[in-house]
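Comments concern the structure below.
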Amino acid sequence: MIRRTTQEDATGCGLACVAMLGGIGYAQARVLARRLGVGPHDRVVGRGDQARTVRNAYFSDARQLRRMLKLLGLRAGPERRLARWEALDRSGIAGINPNRREGSWHWVVYLHSDEGGCVLDPNPRVRSERRTDFGRMKPRCFIPVAPA
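Mapped onto the working numbering, the consecutive letters of the sequence shown carry residue numbers 3 to 150.
Okay, structure coming up:
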């Protein structure tokens, strides 16, 4: 059974998702990310007057998450756009709630089941272990993940 891991860095949601699916701790995922050059890096987000610098960020894209999962012995398929949760027929990592102004989104783990599935959200402010409030999570993209 996959257990929820919360992110320990403000931008570490992708790392926490890799930790959950790979069965490792967040600290181990952070070490793996550093080895692959995923972070920490300073990054400017936003544009114009809205621009700000995020220090020591672990922003991650689908390619980086797929590389990390592969090193943990998991098979990650190509990233695909996701418009509706109902379109998912397998487990993996979903990008949700895109922020167009900053060009970012939040990574979560989607666990598929015949009963409808659930989301493990690494955000420590989320209180529930498993989320099913799909109307509050706007899907953006999906990376299917399976054992190798």
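Using N, Cα and C, we set each Cβ at its ideal position, and we do this for glycine too. Computed from a prediction, not measured in an experiment: that's the story for all the values here.
Is it the case that the Cβ atoms of Leu-34 and Leu-76 are separated by a distance below 8 angstroms?
-> Note that the C-beta distance between Leu-34 and Leu-76 is not below 8 angstroms.
Mark Ile-4 as exposed unless 16 or more other C-beta atoms lie within 10 angstroms of its C-beta, in which case mark it buried.
-> Exposed is the label assigned to Ile-4, since fewer than 16 other Cβ atoms lie within 10 Å of its Cβ.
Close Cβ partners of Cys-15 (< 6 angstroms) along its chain, the five nearest in sequence each way excluded = Non-local beta-carbon contacts of Cys-15 in its own chain, meaning distances under 6 angstroms to residues more than five positions away in sequence, involve Gln-9, His-108, Trp-109 and Pro-124 in chain order.
Classification of Ser-62 by the beta-carbon crowding that lies within 10 angstroms, buried from 16 upward | With a 10 Å radius around the Cβ and a threshold of 16 neighbouring Cβ atoms, Ser-62 comes out buried.
Given a cut-off of 8 angstroms, decide if Arg-32 and Met-22 are closer than it, judged by their beta-carbon atoms.
-> No, the Cβ-Cβ distance between Met-22 and Arg-32 is not below 8 angstroms.
Of the choices Val-111, Gly-41, Leu-71 and Arg-129, whose alpha-carbon is the least far from that of Cys-143?
-> Nearest C-alpha to Cys-143 among Val-111, Gly-41, Leu-71 and Arg-129: Val-111.
Drop a sphere of 10 angstroms on the beta-carbon of Ala-12, count the other beta-carbons inside from all chains shown, and report buried for 16 or more, exposed for fewer.
-> Classification for Ala-12: exposed.
Coarse secondary structure for Leu-71, derived from DSSP in three states = Reduced to three states, the DSSP call for Leu-71 is helix.
Out of curiosity, what's the CA-to-CA distance linking Gly-119 and Gly-137?
-> Taking the straight line from one Cα to the other gives about 13 angstroms.
For Phe-215, does the three-state DSSP call read helix, strand or coil?
-> As displayed, the chain neither begins before 3 nor continues past 150, which places residue 215 out of reach and without an answer.
How big is the Cα-Cα spacing for Cys-19 and Arg-103?
-> C-alpha separation (whole angstroms): 24 angstroms.
Contact set for Leu-113: own chain, Cβ-Cβ below 8 angstroms, skip 5 residues either direction = Within the same chain, Leu-113 has close Cβ partners Ile-4, Ser-93, Gly-119, Cys-120, Val-121, Leu-122 and Arg-132.
Cβ-Cβ distance between Met-70 and Asn-99 below 8 angstroms | Contact annotation: Met-70 and Asn-99 have beta-carbon atoms that are not nearer than 8 angstroms.
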